[in-house]
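What follows is a short report on a single structure.
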Amino acid sequence: MALANPMRPYPGRLVGVRDLATGIKLFQVELLEPEGQAAFAAYKPGQFAFVSAFGAGEAPFGITSTSRRGRLLEFAVNALGHVTFSLHSLDVGDPVGVRGPLGNWFPMDQLQGKNIVILGGGIGGAPLRPVIHTILDHREDYGHLTILWAARSPDLLVFTEEFDEWRSAWATELHVTVDQAGPGWTGHVGLITQLLEKVAPSPENAVAITCGPPIMIHFVFLTLKKLGFAPEQMLTTLEARMHCGIGKCGRCNLGEKFICKDGPVFWQYEIARFLEGFL
Amino acid sequence: MTRYANAETLRQWLDRLAQEADLIAPRDVEGHVLYRPIRSGAEVLLEYERPELSAKEFLFPSTEVILRIEQRGKEVALEEVLPDRRQVVFGLRPCDAHGLAAIDALFLNQDPTDAYYRHRRERTTLVGIACTQMWDGCFCTSMGGGPADPTHLDVLIRAAEDGVYILQPVTPKGVAVLEGLPPVEVRGEPRPVEEYNPPVPVMPTEKWRTLFDNQRLWMRHGERCLSCRICTYVCPTCRCYDVVDRVVDVRPGRVLTERIRVWDACTSPNYRRVAGGHNPRPTNWERLRNRFMCKFCYYPEDFGPLGCVGCGRCIVACPVEIDITEVMEDAARV
Numbered sequence: 006m007a008l009a010n011p012m013r014p015y016p017g018r019l020v021g022v023r024d025l026a027t028g029i030k031l032f033q034v035e036l037l038e039p040e041g042q043a044a045f046a047a048y049k050p051g052q053f054a055f056v057s058a059f060g061a062g063e064a065p066f067g068i069t070s071t072s073r074r075g076r077l078l079e080f081a082v083n084a085l086g087h088v089t090f091s092l093h094s095l096d097v098g099d100p101v102g103v104r105g106p107l108g109n110w111f112p113m114d115q116l117q118g119k120n121i122v123i124l125g126g127g128i129g130g131a132p133l134r135p136v137i138h139t140i141l142d143h144r145e146d147y148g149h150l151t152i153l154w155a156a157r158s159p160d161l162l163v164f165t166e167e168f169d170e171w172r173s174a175w176a177t178e179l180h181v182t183v184d185q186a187g188p189g190w191t192g193h194v195g196l197i198t199q200l201l202e203k204v205a206p207s208p209e210n211a212v213a214i215t216c217g218p219p220i221m222i223h224f225v226f227l228t229l230k231k232l233g234f235a236p237e238q239m240l241t242t243l244e245a246r247m248h249c250g251i252g253k254c255g256r257c258n259l260g261e262k263f264i265c266k267d268g269p270v271f272w273q274y275e276i277a278r279f280l281e282g283f284l
Numbered sequence: 116m117t118r119y120a121n122a123e124t125l126r127q128w129l130d131r132l133a134q135e136a137d138l139i140a141p142r143d144v145e146g147h148v149l150y151r152p153i154r155s156g157a158e159v160l161l162e163y164e165r166p167e168l169s170a171k172e173f174l175f176p177s178t179e180v181i182l183r184i185e186q187r188g189k190e191v192a193l194e195e196v197l198p199d200r201r202q203v204v205f206g207l208r209p210c211d212a213h214g215l216a217a218i219d220a221l222f223l224n225q226d227p228t229d230a231y232y233r234h235r236r237e238r239t240t241l242v243g244i245a246c247t248q249m250w251d252g253c254f255c256t257s258m259g260g261g262p263a264d265p266t267h268l269d270v271l272i273r274a275a276e277d278g279v280y281i282l283q284p285v286t287p288k289g290v291a292v293l294e295g296l297p298p299v300e301v302r303g304e305p306r307p308v309e310e311y312n313p314p315v316p317v318m319p320t321e322k323w324r325t326l327f328d329n330q331r332l333w334m335r336h337g338e339r340c341l342s343c344r345i346c347t348y349v350c351p352t353c354r355c356y357d358v359v360d361r362v363v364d365v366r367p368g369r370v371l372t373e374r375i376r377v378w379d380a381c382t383s384p385n386y387r388r389v390a391g392g393h394n395p396r397p398t399n400w401e402r403l404r405n406r407f408m409c410k411f412c413y414y415p416e417d418f419g420p421l422g423c424v425g426c427g428r429c430i431v432a433c434p435v436e437i438d439i440t441e442v443m444e445d446a447a448r449v
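Protein chains in written order, with this note's numbering: chain U, 6 to 284; chain X, 116 to 449.
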């Protein structure tokens, strides 16, 4: 019997492309074959996948959609390197490949009944969006939801068109900040850690989940600690350059751990125990 | 059952093997001993030092096409390129077989298996020749191996006196490959190993764990590292890889791309750098620390075997004389 080859992508097609922020696009991918559709039938919030721009290569992206909200896979892609620039040059109808779903996921069952604090920085908000959607779609299963959403500047805020939905949900608050204001910006200006100190969510029965640049994650953890959050009340998801997603290629190791296979979702205390840091 | 041969019958057997399968064997390449594809038994070296490169490239090629991608307009056809040739690696040194066993632990024995490596590994027979001595840098005896260790081979060949060779099958594959060996009347006893190198201390993984933050140790050895990556290139267990697309043919309405996998090295400056520019392992000594910690701590903890078999090639190859055994001795002293 031939074993499946985990390096072979499932064929897919772009069915939607739209600008999410400056330099960031949202891609909607339809998987074309039953094998791929079955593999992605029940992917979890926090998992990632490799997306191929054929001829340029493949790169890993957190899946920013949920399987509950539809069969299309969504990826937020910032044009920064060879593969991501190539993806940005694609249009609706163009073929892509998808490998996954890969990695672990946010323990949504374990988070039920808790107050949740979400802290997203820039495109780091993308892998947190499935958590927000899962909570909003099962609103009664979770406690209070506090979303802190940040970017370097207003034009880099992602998923702004969903802000109204988030704000209007039951027991849900949204706080937005930018490091530097732009023309017409009337909202909060300052780092997400400053906003976090102002909002000061209670650590009582709460779990905070953050993603952003490594330096932001580091300081968000420190600020949460100041507010009384314990290591087992802080979650994050990490990224790294990687080439396999299955713990073989060696690229994404943090000491003895692989971000692809042992993560990408980690509790703060797990990261603190690693020999090597993520900074 | 143990078999015997002389140089003539050995070469006759190799001639036959070269017709039945891809035959890899030690050969003189402009003064360098290397494992290379062989067409006839006459090309094969029967007495040779440790080859300058390991044989891992024949199971895990330095560049390997893993997928052919044909685009016609908006349509894409993917073809997996899985090797299906049978191959015999002859004259493999026991340390190189040991190195493959270390790679097996990750590529074969950890789910999911690596399809490309598995295809090659299943179709490969390893016929080793015992070393008559330990050479410059060799420390296999400290790493659980030895000059005449049959453990990871299918057949072990040992030289006896008067040009006689003793062939010991180790696995059913080894028994099968020996079926074609012409019978001879000669017999003999294996020649003892002439020279052993002094042992090197091997610390347990827990000890290495405590050394991670010993910046002095890592800077002492790593600060002069040129990040040239030769250590990982010659290493029989280093297995990190990169995957890239290479457009190989463009015609009207049709683009042909090969997705290739290539060896990578954690000692490379850009190994951990991400597209945004962040590099969590920015210095040469941190990268060298990762290499040694992988070999003696992470790899055994994650996958079982140590990531070093004591072949000594990295010691000989390093342009700035970074010596893995010196690091091991320092680790034992701290």
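A virtual CB, placed ideally from N, CA and C, is assigned to each residue, including glycine.
Since the model is a prediction, treat every value here as computed from it, not as a measurement.
Which of helix, strand or coil DSSP assigns to W175 (chain U): What you label residue 175 (chain U) is simply residue 170 of the first sequence in a count that begins at 1. It is coil, neither helix nor strand.
Cβ-Cβ separation, T347 (chain X) to T382 (chain X) (assumed contact under 8 Å), whole Å: Walking along the second sequence from the start, residue 382 (chain X) turns up at place 267. Walking along the second sequence from the start, residue 347 (chain X) turns up at place 232. Confirmed, Cβ separation roughly 6 Å.
Neighbour flag for T382 (chain X) against chain U, beta carbons, 7 Å: Sequence index remark: in the second sequence, residue 382 (chain X) carries index 267 (1-based). T382 (chain X) does not count as touching chain U.
Cβ-Cβ distance between P50 (chain U) and V103 (chain U) below 7 Å: One-based indexing of the first sequence puts residue 50 (chain U) at position 45. One-based indexing of the first sequence puts residue 103 (chain U) at position 98. Cβ atoms of P50 (chain U) and V103 (chain U): not closer than 7 Å.
C-alpha gap between Q330 (chain X) and D114 (chain U), whole angstroms: For the purposes of this step, residue 330 (chain X) is taken as residue 215 along the second sequence, with counting starting at 1. For the purposes of this step, residue 114 (chain U) is taken as residue 109 along the first sequence, with counting starting at 1. Near 42 Å, if we compare the C-alpha coordinates of D114 (chain U) and Q330 (chain X).
Minimum Cβ-Cβ distance from Y348 (chain X) to chain U less than 7 Å: Locating residue 348 (chain X) in the second sequence gives position 233, where the first residue counts as 1. Using a CB distance cut-off of 7 Å, Y348 (chain X) does not count as an interface residue toward chain U.
At least three beta-carbon pairs within less than 8 Å, the region 362-379 of chain X to the region 58-75 of chain U: yes
Every unbroken alpha helix (DSSP H) inside the region 39-110 of chain U [4 residues or more]: Entirely contained in the region 39-110 of chain U, the alpha helix (DSSP H) runs reaching 4 residues are, in chain order, 39-44 and 87-93.
Three-state secondary structure (DSSP) of D89 (chain X): Beyond the ends of chain X as shown, which are 116 and 449, falls residue 89 (chain X); an answer cannot be given.
Beta bridge counterpart(s) of F32 (chain U) as assigned by DSSP: Locating residue 32 (chain U) in the first sequence gives position 27, where the first residue counts as 1. Beta-bridge partners of F32 (chain U) (DSSP): U:V22 and U:F80.
heavy atom of the ligand GDP below 6 Å from S207 (chain U) C-beta: Among the components modelled here there is no ligand, and therefore nothing to report on the ligand GDP.
N109 (chain U) at chain X interface by Cβ criterion, 7 Å: Sequence index remark: in the first sequence, residue 109 (chain U) carries index 104 (1-based). Not an interface residue.
Those runs of the alpha helix (DSSP H) which lie wholly inside the region 181-243 of chain U and span at least 4 residues: Counting only runs that start and end inside the region 181-243 of chain U, the alpha helix (DSSP H) elements of at least 4 residues fall at 197-204 and 219-231.
Spatially closest choice to G368 (chain X) from X:L138, X:G295 and X:R187, by CA coordinates: Along the second sequence, read from residue 1 onward, the residue named residue 368 (chain X) stands at position 253. Comparing Cα-Cα distances from G368 (chain X) to each of X:L138, X:G295 and X:R187, the minimum goes to X:R187.
C-beta contact flag for L19 (chain U) and V97 (chain U) at 7 Å: The residue labelled residue 19 (chain U) in the question sits at position 14 within the first sequence. The residue labelled residue 97 (chain U) in the question sits at position 92 within the first sequence. Yes; because the gap between Cβ atoms is below 7 Å, this pair is in contact.
Local conformation of I137 (chain U) per DSSP, three classes: Here residue 137 (chain U) refers to the residue found at position 132 when the first sequence is read from its first residue. Helix, per DSSP.
Y147 (chain U) (DSSP reduced to helix, strand or coil): By one-based count along the first sequence, residue 147 (chain U) stands at place 142. In the three-state scheme derived from DSSP, where H, G and I count as helix and E and B as strand, Y147 (chain U) is classed as coil.
Contact check, V285 (chain X) vs P265 (chain X), beta carbons under 7 Å: As a first step, residue 285 (chain X) is located in the second sequence; it is residue number 170 there, counting from the start. As a first step, residue 265 (chain X) is located in the second sequence; it is residue number 150 there, counting from the start. Yes, these two residues count as a Cβ contact at 7 Å.
Rounded separation between T178 (chain X) and W378 (chain X) - CA only: Here residue 178 (chain X) refers to the residue found at position 63 when the second sequence is read from its first residue. Here residue 378 (chain X) refers to the residue found at position 263 when the second sequence is read from its first residue. Straight-line measurement puts the Cα of W378 (chain X) at about 7 Å from the Cα of T178 (chain X).
Interface positions of the region 143-158 of chain X facing chain U (Cβ-Cβ less than 9 Å), listed along the chain: none
Beta-carbon contacts of E281 (chain U) that lie in its chain and below 6 Å, excluding the five residues immediately before and after: The sequence position of residue 281 (chain U) within the first sequence is 276, counting from 1. Closer than 6 Å at the Cβ level, and outside the excluded window around E281 (chain U), lie L259 and G260.
Distance between T239 (chain X) and R208 (chain X) (C-alpha atoms, nearest Å): Your numbering for residue 208 (chain X) matches position 93 in the second sequence. Your numbering for residue 239 (chain X) matches position 124 in the second sequence. The straight-line gap from Cα to Cα measures roughly 15 Å.
7 Å Cβ cutoff, F327 (chain X) in contact with chain U: As a position in the second sequence, residue 327 (chain X) is number 212, starting the count at 1. At least one chain U Cβ lies under 7 Å of F327 (chain X).
is_contact[R144 (chain U), chain X] using C-beta, thresh 7 Å: Walking along the first sequence from the start, residue 144 (chain U) turns up at place 139. R144 (chain U) does not count as touching chain X.
Coil, strand or helix - D143 (chain X) by DSSP: For the purposes of this step, residue 143 (chain X) is taken as the residue at position 28 of the second sequence. If DSSP states are grouped into helix, strand and coil, D143 (chain X) belongs with the strands.
Exposure label - A81 (chain U); buried when at least 16 CB within 10 Å: Translated into positions along the first sequence, residue 81 (chain U) becomes position 76. It counts as buried.
Sufficient close CB pairs (3 or more, under 8 Å) joining the region 21-29 of chain U to the region 152-166 of chain U: yes
Beta-carbon proximity check, G86 (chain U) vs A216 (chain X), cutoff 7 Å: Within the first sequence, the letter at position 81 stands for residue 86 (chain U). Within the second sequence, the letter at position 101 stands for residue 216 (chain X). Taking 7 Å as the Cβ cut-off, G86 (chain U) and A216 (chain X) do not qualify as a contacting pair.
Partner residues on chain U for V370 (chain X), Cβ-Cβ distance less than 7 Å: Counting from one through the second sequence, the residue named residue 370 (chain X) turns up at place 255. Correct list: G60.
Under 9 Å by beta carbon: chain U residues contacting E416 (chain X): Reading the second sequence from its first residue, position 301 is the one you call residue 416 (chain X). By Cβ distance, chain U contributes E261.
Selection from U:P218, U:W154 and U:I222 that minimises the alpha carbon distance to Q273 (chain U): On the first sequence, residue 273 (chain U) is found 268 positions in, with the first residue counted as 1. Per the Cα distances, U:I222.
Per-residue DSSP class, three states only, for P269 (chain U): Counted from its first residue, the first sequence places residue 269 (chain U) at position 264. DSSP places P269 (chain U) in coil when its eight states are reduced to three.
Contacting positions in the region 203-232 of chain X - beta carbon closer than 8 Å to chain U: L221, F222, Q225, P227, T228, D229, A230 and Y231
Three-state class that DSSP yields for A275 (chain X) in the structure shown: Translated into positions along the second sequence, residue 275 (chain X) becomes position 160. A275 (chain X) falls in the strand class under three-state DSSP.
T352 (chain X), DSSP secondary structure in three states: Counting from 1 along the second sequence, the entry for residue 352 (chain X) is found at position 237. Correct three-state label for T352 (chain X): coil.
Which of helix, strand or coil DSSP assigns to D226 (chain X): Taking the second sequence and counting its residues from 1, one reaches residue 226 (chain X) at position 111. DSSP places D226 (chain X) in coil when its eight states are reduced to three.
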